[in-house]
Amino acid sequence: MEENAVKTVKKSRGVMFYLKVLLVFMLLLGASLAIGLYYVYHRLTTDSQLEKIVGEKISTATGMDVNFSGIEVSFPNITIRNIRVATDSAELKLDANIALLSVTPDFFAALQGELVLDSIDVASGITRVEFLAAKSGAEPAQASAAKKPLDLATLKLPFRNVGMSDLRFSVKTATAEKPYEMMLKSAGISRSMLSSTLPFNIDIDVISVAAAQVEGRILWPDNISASLKVAAANVEELKKLVPADYQKHLAFVKSASTKADVEYNLKDGSIKVSGGQVVVEPGIKADVGVQVASVSPLKANATFKLSPLQIDMLWPMVKDFVPSEHGLLLKNGSVSAEGSVVLNADAAPTIDVKVVPEKITISAKALPEAVQLERGQIRYNEDKISFSGFSAKISDSQIQLVSGSLKIEPLAFSGEVSADANFDSIWKMVSGYLSEDAKRVTPSGKASFKGNIAYDSKGPKIDGTFASDRITLKEKQTSAQATVEKVKVRLEGLGDAKGKIHVESLEAKGVGALVRLKGVMTNAADIGLDFSADGNVNIDEFAKIGASLFKLPIKPEQFKGELILAMQVGGKLSDIKPKGRLELKNVHADLSERGFVLAKLNGAASADLDKLVLDKVAAEILGGKVSINGTLQNFKKPVFDASLGITGADLGQIRAMVARNYPEMPKELELSGKSDLNVNLKGSLEKPDINGDASLKGVRFFHPAVFRPVENITGPIKISNKGLTTSGVSAGWGTSKANITGELTDWGKLISNFKFVVSPLDATDAAGFFLKDTGYVFDGKGTGSGAITGPLEKIKVAGVASIPAGLVTAQVAEKGEAFKFPFQKLTTSFSYTESVFSITSAEFNIFSGKVTGSGKVFLASEPIKFEFNSNIDNLLTQEFLKQNTKYPNMLTGALNGSFNGRGNTLGLNELNGDAKLAMPKGTYNSPPFIKQIADKLNAPQLASGTIDNAAGDYKISAGRISSNNVLAKAGEDRVTFVGSVGLDTTLDGEARFLLNRQTALKSNILKELIGDEASVEIPVTVKGSFMSPSVGIPLDRMLKDAAERRAKSAVKKEAGKVLDRLFGGKKQPAAQTATATAPVAGTASATVQPAPKPSPQKQIENKIKDLGKDLKNIFRR
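For the sequence shown, the numbering used here assigns the number 615 to the initial residue and increments by one for each residue that follows.
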């Protein structure tokens, strides 16, 4: 709406508007006088409808319906009965019924032309009034201009005495749910003829709400003054007049009353209330004063003063309106208030209120102890709250708000604050609310703050000074104690990202340190720093308190030594720029959990704007001496560039340190020895770049994967984050010496990639390590080369080796008997991984022949196991026998074949496998078991001879060689063997000799055995050792069988001759008996001695006997 537009204004009701209803009664009073005159006149003339005429006149004049039952005139009184006045308009509904209106006119005044009523009495009336919604819209400007103010001086009161009694009113407003019932018990007004003062009184009840008595006077036409007394009859009904949102705040009110002197100026409409007093039980008393200069437009002011109210009485009334979760409790003391309100129609109300609390005790859950609020003053004036003289005390610490102000819109606060704190008593209060960790450090001492605190839309602002002579801090667990002395800190305009903190002086003593600090911190989005500090620190004492305060895992005496510092810190928090100098004296740091101890650290560090420089720092670490030089840059994300030189470092300690930082490093790894290191470190603390070199001296290395220590490792290496490299390190494994080149990556897994050359390769020493107490001995030295790859726990070694000459000794019996195998020109390729030594190919010369093969040795098994495949080419048996027996020529010839075996290091008796052997040509010379056979057969020619071919398949099990198809040929003679031969040279089997006739005729026994046959088969059992065999031949049975065959043959011949002589038959040639060697059963051995040759006579007698036996046999058939 535009500023000059006509606004709709509700028409204000003046005093005359609300007395409009009374105008009816005024007109009735005036009419009564006219009626009297008219009645006298009318009675002298004629009788007419007087009541009707009067009613119509009054209705026309008032615009209301007026009627009554009748008019009675009893001179000089006029009585009107049963008067009813009613109206129904947009603003007002009125229905008034008055039982009696009695008027006594003054006829002498009437004769003089004045309307004066000597007395008026109104009684027994019931009036119902309902105020409807007010008219909308403004009164036309012309109508307003046409109105003229009422001049009361020209208005004369037409009565002398008025009395009213028993008048009941029912008043209902547009917003009320039900009407208010009022009873005017009595009211009266009187006027003397000699005075313009009209005394009056009123006694009225608002039914079930309140009662009022008024006594006053009217000084016509100037003012009305009265004394008013109101007392609540029913407080609960009275509370309902208050808006529902505020009714709960009046719950404590039990009764209420008020009194006041009121003066109303009839000329200018001003109102003055003085001597006003409001009493609310329990215990509230207030003095009130009101002065209204103008009702329309409104100009008024009011004052009030609340008498001191005891908190112990007030708190029970209001505590239910405070949320219980805060645990707020007020007791003791009192509160009083006073103030004023100025109302002006064209301005906002002006409110000025002062509240004075005094000696009130405040308790709450959030407070560790009750707060004593001393006297102070709060004033509200024109949307501004001011404070003065406030003082609060908690324990023996005190806070004073010397002065202050709070503005509501926009919110702003400023105040002068003074505080004195005693940490001893404060700590006792607050420690119960703190965790056990927070209570470990106990402060004591006193401090003060004086300054100004402000807050507005720009945020908080603090100016002031914090000061303390001495504050003591005591740590509970260690009993360590420190003091902060000469503290003076000045705050300058400190707020959100603004202001400064001036540390004008501060000294920290204790826990082995003395530090002095001065400087300025500029508060901003990026805090500015300008501080200087100097002092010295005992590291041992300082570490103790630091460990306790911050729960650091620091052990007693883990850190020792002294720091001397002189530092300046400038720049901003995001870009700190320190400078100064730090001196280290005999610093000791036990970092065993990280794998090392730093001792005797001495030196200095200087800092410039962006880096820290270490200058000639020396220490002892990892068993050696270290010198450190370097820089540290970018303090927010530290980056360093340093060089370390360590002389005589203990590699055992270095291994422990690396293991601490690389938990995956094998625990079985052992490392010892000394080394000189030069290391460069660059980069961030999280990911440093490490490069350097070291010189190894007599280093010893062991891991189960290498079976025994690698010792005397000597040579240069280079180290980095990735691992190490070497161009040539020498090392010894037993008495073998190796030169190693290559690299080791991944410090955790130790992954190798090395090349090696071994010279000498002492196979005697290596085999002695693995074959100790096994019965096997390997002698020989040579050279080797290869590669070492893979992680340490699964390391792989692959290479080639050669040994010009060597000897293998294998035990064949528990009593110490052994075979020796001298070899030459051994070459092999091999690999080793996960405790398995594999020979992929091998070749060597032995016994003037050659052996090739492959195999594996399982070094982790107990006992050590092995398996092999071999081929034998032209191995001379006589060379073997020469090496291992006293009979080098017992057997000669070259062996060919293959041998695949499995066994362990307990001896040859654990050997198992398969073999195929053949000897194309050879000789034998009295082998013990052959010689015994020859002797028993009386055939010495059999003890030695040639071998045209010998071959067989063999099974080796539990150290014994067994076969069922051995066949040996010597000319026309043959030998087969079924049985076994132990690797310890024991024999157990059966041989069969098939001898031709030529061979047999050379022996008398064989000659008897062969008879007329072409060949003879001799079964032989062999047992015992190769050198002392036990041979069994069934000669007795074989000779007997041979004799029977001969006798049978002879009888047949002789019988043929006899028959020829007896019967004259022709002589037939003797039939050639085909002889076949019958299989000889049995294996019983018999020793046959050559029989003496019988005499011719005896031979004839024997022949005759045999002939007789044969004849008997013939004729028996």
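By construction, the Cβ of each residue, glycine as well, lies at the ideal position given by its N, Cα and C atoms.
Sorting G1073, S1071, K1088 by C-alpha distance to the C-alpha of P1057 places K1088 at the top. Note on geometry: alpha-carbon atoms of K1296 and L1406 lie some 29 angstroms from one another.
Per DSSP, reduced to three states, the secondary structure at A907 is strand. Straight through space, the alpha carbons of S950 and T917 are spaced by roughly 14 angstroms.
Note that the C-beta distance between I999 and A1006 is not below 8 angstroms.
DSSP, reduced to helix, strand and coil, places D1562 outside both helices and strands of the structure shown, so it counts as coil. Between the C-alpha atoms of R1660 and E1668 there is a straight-line separation of about 12 angstroms. DSSP, reduced to helix, strand and coil, places L1473 outside both helices and strands of the structure shown, so it counts as coil. For I1040, the secondary structure class from DSSP, reduced to helix, strand or coil, is helix. Scanning its chain for C-beta atoms nearer than 7 angstroms, with the 5 sequence neighbours on each side dropped, one finds around G1149 the residues A1127, L1128, V1129, R1130, L1179, in chain order. Here L1375 is buried. Its C-beta has 16 or more other C-beta atoms within 10 Å. Put simply, the segment 1645-1663 touches the segment 1619-1637. At least three CB pairs are less than 8 angstroms apart.
In the structure shown, M1135 falls within a strand segment according to DSSP collapsed to helix, strand and coil. Between M927 and V955, the alpha-carbon positions lie close to 27 angstroms from each other. In the DSSP assignment, D1379 falls within the unbroken alpha helix (DSSP H) covering 1377-1384. Judged by DSSP in its simplified three-state form, W929 adopts helix.
Per DSSP, the continuous alpha helix (DSSP H) segment holding R1269 begins and ends at 1265-1275.
Judged by DSSP in its simplified three-state form, T975 adopts strand. Comparing alpha-carbon positions, the option among I816, F745, T787 lying closest to M778 turns out to be I816. Shown here for A900: same chain residues with a beta carbon closer than 6 angstroms to its own, the five before and five after excluded, namely V892, F918, L920 in chain order. Here the alpha carbons of D1379 and L1608 stand approximately 52 angstroms from one another.
Sorting R742, V717, V743 by C-alpha distance to the C-alpha of I734 places V717 at the top.
Put simply, of K1479, T741, E795 the residue whose alpha carbon is nearest the alpha carbon of V1471 is K1479. Residue pairing from DSSP places T917 in a beta bridge opposite G903, S954. In the three-state reduction of the DSSP assignment, S1188 falls in the coil class. For K1545, the uninterrupted alpha helix (DSSP H) segment begins and ends at 1542-1550. K1569 has its alpha-carbon roughly 10 angstroms from the corresponding atom of V1595. For N696 against A713, the beta-carbon gap comes to about 6 angstroms, under 8 angstroms, which counts as contact.
The alpha-carbon of S738 is positioned some 56 angstroms away from that of Q991. The count of Cβ pairs closer than 8 angstroms, one atom from the segment 1019-1032 and one from the segment 1070-1077, reaches three, so the stretches are in contact.
The bridge partners DSSP lists for G1413 are G1400, F1444. Judged by beta-carbon spacing, S1286 lies within the 8 angstroms limit of R1314, meaning their Cβ atoms are closer than that value.
In this structure, DSSP gives R1084 an extended state, which the three-state scheme calls strand.
Here S908 is near S884, since their CB atoms are less than 8 angstroms apart. Here the alpha carbon of F1591 sits roughly 16 angstroms from the alpha carbon of A1529. In chain order, G1566, T1590, F1591 place their CB closer than 7 angstroms to the CB of V1580, counting only its own chain and leaving out the 5 sequence neighbours on each side.
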